[in-house]
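The opening residue of the sequence shown carries number 247 in the working numbering; numbering runs sequentially from there. In this text, a Cβ means the ideal position worked out from N, Cα and C, and glycines have one as well. Please read all numbers here as calculations on a predicted model, not as lab measurements. To start, the structure under review is shown below, and the notes come after it.
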Amino acid sequence: MATTDVPTPDAEALLRQARALQTNAYAPYSGFRVGAVVVTADGQVFEGVNVENASYRLTTCAEQTALAMMATAGVRSPVVAVAVVGDGPEPCTPCGACRQTVAEFGPDATVHAAGSEPDGPVLTTQIAELLPYGFGAERLAAGQRPAADDGAVPGADDAVGRTDRGGA
Ligand SMILES: [Zn+2]
C-alpha cells in the first residue's frame with residue numbers, strides 16, 4: 247500500500263521545517279510534540295503544531311492547525327503536500343480526523359511523515375492511500391435532498407431510530 251521512499255530534497259526541507267516547529271507544540275499533557283507543514287499548489291506554505299487542552303477532547307492536531315491557518319488566510323489553492331513530524335523514532339502518520347481534513351483541502355496531496363530523529367525513516371504516500379473510500383464533497387452532493395421550505399429537517403421522518411411517541 248504505502249511506499250517508503252528516499253525523501254526528495256523538497257520532502258527533506260519540509261520535514262526539517264516541521265521538525266523545527268515541534269519546539270512550539272503545546273503538548274503539556276501528552277508530551278508528544280507534533281509539527282506540520284502544508285504546501286499549496288500555488289506554492290504557499292503554512293505551519294501548525296498540536297495544541298492540547300486540559301479538556302483533552304479539545305486538542306487540535308498540528309495538521310489541522312496548519313490547515314486552519316491556510317483557510318484563515320483565505321487560501322483555497324489545493325494542498326499538494328503535507329509534512330508531519332512527531333516525537334519518537336517512527337514516522338508520525340496523520341490521525342484519522344486529520345486524514346479527512348487533509349482530503350478536504352488536498353484530495354491529491356502527497357503526505358510525508360517522519361519521527362523526530364533527523365536520520366530516521368520517512369514514509370511518503372498519498373492521502374488517498376491513507377484514506378481509502380473517504381467521504382467527500384462529491385458524495386455529499388450526490389446524496390443531498392432539496393432543502394425543505396416548511397422548516398422541517400430534511401430526512402427527519404426517516405431518521406434512524408425515529409419512533410412515534412404520540413405527540414410528546
Ligand atoms: Zn490528527
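Exposure label - Thr269; buried when at least 16 CB within 10 Å = Answer is exposed; the Cβ neighbour count stays below 16.
query = Who sits around ligand 1, taking every residue whose Cβ is closer than 6 Å to one of its heavy atoms?
reply = Every residue passing the under-6 Å Cβ criterion appears here: Cys307, Glu309, Pro340, Cys341, Ala343, Cys344.
inquiry  = If I measure Cβ to Cβ from His358 and keep anything under 8 Å in the same chain, skipping five residues before and after, which residues do I get?
reply    = Around His358: Pro253, Ala257, Leu260, Leu261, Ala327, Val328, Ala329, Val330, Val368, Leu369, Thr370.
Straight-line Cα distance separating Asp354 from Arg279 = Each residue's Cα considered, the two are about 26 Å apart.
query = Rounded C-beta distance between Ala282 and Ala264? I'm assuming under 8 Å.
reply = Correct: roughly 6 Å between the Cβ atoms.
C-alpha gap between Tyr272 and Asn296, whole angstroms = Cα to Cα, the separation comes out at about 6 Å.
key: Exposure label - Phe381; buried when at least 16 CB within 10 Å   = Label assigned to Phe381: exposed.
key: Candidates Ala308, Ala300, Val325: closest to Val291 by CA position   = It is Val325 whose Cα lies nearest to the Cα of Val291.
message = Which of the three DSSP states is assigned to Ala259 in this structure?
response = The answer is helix: DSSP assigns Ala259 an H, G or I state.
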